[in-house]
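Counted from 1, the sequence shown has number 104 at position 105 by numbering that gives the first Met the number 0; the numbering is strictly sequential.
Structure record follows, encoded as structure tokens.
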Amino acid sequence: MSIQGIVSVYLLHAVSIMLLCRSKYNRRKTIKICAAMAAAQMGVAFWADLYLKGAVWVYLVFIITFAILMVEIFWLSAEGVAKTLFFCMTYVQIFLVVAYMAGMLGNWLFDSHIGATAYLRALLHVVLLAVYVRFLRDKFEIVRQEVTKGWWPMCILSILYTIYISSVVMRAQADYFRGVEILPFFLLLAAILAGYWVIFNTIYYMRKSALQSKIELQEKILMQKLEIMEDVERETRRKRHDFRHHMLNIAEFARNGQMEELLVYLDKYYVEVEDTESLFLCANSTINHILTVYVSQAKKKGIRVTCDVSVKEEIGINDVDLVAILGNLLENSVHGCLEAGKEEMYILVRIQMKAQKFSVLVENTCRENIHFENGLPKAEGREGIGVSSIVKSVEKYGGAIDFGCRDGRFVSRAVMLMQS
């Protein structure tokens with residue numbers, strides 16, 4: 000391979016990784032790591048070029064530089080193993096297809112001239128990166144945010160594709176793409192594209208299922224809110240009907256000078272009337288609906304609830320995501336209290352807006368032996384209710400969430416960036 004070919008390949012790899020990989024580091028450190036890995040790959044290629052030729056050079060350089068690429072991606076990636084491998088293998092396949100097509104075109108148009116083929120491969124690589132950034136990047140980001148499970152089958156399929164297409168392309172490159180068979184390659188390409196069509200259809204239905212579960216939770220909360228409002232309305236009508244009798248009793252106490260009895264009666268009447276008032280905790284209607292439902296549920300089960308809410312009407316968080324986060328956290332808190340089986344049960348909810356950040360804290364009574372896996376609560380035989388949905392929705396807003404358990408108290412904290 001020519002000098003310009005070696006430099007262009009590994010520089011474009013570095014750029015591609017920066018565009019494709021969700022790095023756990025800041026931009027500056029990510030660039031440094033990618034530059035260092037590109038330099039290491041170039042060093043391997045230049046060293047091999049001094050001592051090796053032909054097929055040995057092709058296979059050895061590919062294996063070593065591929066290993067460096069894998070180290071780079073897993074060093075940088077903030078995502079799980081399966082998801083990281085899937086996107087990595089997909090990128091490698093696309094690069095190998097580009098290399099094969101550039102080799103064929105270079106063979107036909109430039110009589111296998113190494114420099115011309117290198118420029119052609121770099122051009123195709125740049126064009127595909129531009130297409131990705133312009134048309135596909137946002138869609139891939141949505142998939143990464145919303146699909147949290149089911150990556151391993153797709154990951155394994157992408158690994159098998161990569162192994163096979165690597166062997167085809169390396170054999171062709173070792174022979175400078177002379178005598179390549181066009182039809183088998185394009186049939187292979189068609190099979191791979193069909194496989195990815197199935198994969199992305201699967202992802203589509205996984206996203207649809209995740210969204211449907213959020214919508215169902217929202218509908219459940221709204222229906223429960225409606226039931227609560229209907230109960231309040233019925234109770235209010237009953238109180239209105241009984242109002243005349245209360246006035247007669249009050250008048251009778253006053254006429255008889257029974258002031259102590261009158262005050263006791265008025266206190267009881269005040270408590271009765273207060274219980275029928277609709278709960279209003281904040282200006283945001285979605286948060287108010289969610290709190291109304293779960294505060295009502297908790298009180299019916301003997302759980303003391305304290306709410307400290309300070310938010311505006313608009314908070315920059317989508318209602319569906321708000322339901323997924325707050326609804327699931329409160330549902331978990333009610334379940335946690337009931338599972339604890341303690342005489343004194345409580346839930347504390349604190350929701351605030353500050354410096355363009357939206358924060359939620361939910362603290363509740365819990366049992367002592369709660370297990371955690373990768374920082375997430377794990378109930379026996381199942382994941383905590385809606386935990387993956389909570390995490391996914393929080394991350395969608397550039398936020399973070401943590402869970403903790405100590406001294407019979409379970410605490411969930413989430414912080415998100417509010418969108419304008």
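Beta carbons: idealized from backbone N, C-alpha and C, even for Gly.
Computed from a predicted structure; not experimentally measured.
As the crow flies, the alpha-carbon of Gln40 is around 12 Å from that of Leu59. Rounded to the nearest angstrom, the gap between the Cα atoms of Glu338 and Leu95 is 54 Å. For Tyr345, the enclosing beta strand (DSSP E) has its first and last residue at 345-353. Judged by their CB atoms, Tyr99 and Phe45 are not nearer to each other than the 8 Å cut-off.
Looking at the DSSP output, Asp401 sits in a beta bridge with Arg412.
Spatial neighbours of Gln3 in its own chain (CB-CB distance under 6 Å, excluding positions within 5 residues in sequence) are listed in chain order as Ala117. Measuring C-alpha to C-alpha distances from Ile158 to each of Ala189, Ile202, Leu84 identifies Leu84 as the nearest.
In the structure shown, the three-state DSSP call for Leu188 is helix.
In the structure shown, the three-state DSSP call for Lys391 is helix.
Ranking Val393, Met344, Asp401 by CA distance to the CA of Glu372 puts Asp401 first.
When only Cα atoms are considered, Val14 and Ser388 end up about 32 Å apart. DSSP, reduced to helix, strand and coil, places Leu19 within a helical segment of the structure shown. Leu128 is positioned such that its CB atom lies no closer than 8 Å to that of Leu104.
If you draw a straight line from the Cα of Val55 to the Cα of Ile324, it is about 55 Å long. The beta-bridge partner set that DSSP reports for Leu360 consists of Arg349, Arg412. CA-to-CA, the gap between Val146 and Cys154 works out to about 14 Å. Looking at the DSSP output, Pro376 bridges to Phe371. The Cβ neighbour count for Asn368, taken over all protein chains shown within 10 Å, is under 16; the residue is labelled exposed.
Using a Cβ distance threshold of 8 Å, Ser7 and Ala121 count as a contacting pair. Assignment of beta-bridge partners to Asp307 by DSSP yields Arg349. Selection Ile162, Tyr90, Ala173 evaluated against Ile113 yields Ala173 as nearest (Cα-Cα). Inclusion of Asn283 and Val304 in the CB contact set at 8 Å is not warranted, their separation being larger than that value.
If you draw a straight line from the Cα of Val57 to the Cα of Val130, it comes to about 29 Å.
DSSP places Ser284 in the helix class (H, G or I) of the three-state scheme. Rounded to the nearest angstrom, the Cβ distance from Leu329 to Val308 is 12 Å, too far for a contact under 8 Å. If one requires a minimum length of 4 residues, no alpha helix (DSSP H) run lies completely within the segment 60-88.
In the same chain as Met205, and ignoring 5 residues on each side of it, the C-beta atoms closer than 6 Å to its own belong to Val146, Gly149, in chain order. Secondary structure note for Gly256: it is in no alpha helix (DSSP H), with a DSSP letter that is neither H nor E.
Taking each of Ala297, Asp266, Phe65 in turn and checking the Cα distance to Met169, the smallest one comes out for Phe65. With distances taken between CA atoms, Ala34 lies nearest to Tyr9 out of Tyr9, Gly53, Cys20. As the crow flies, the alpha-carbon of Lys300 is around 24 Å from that of Gly403.
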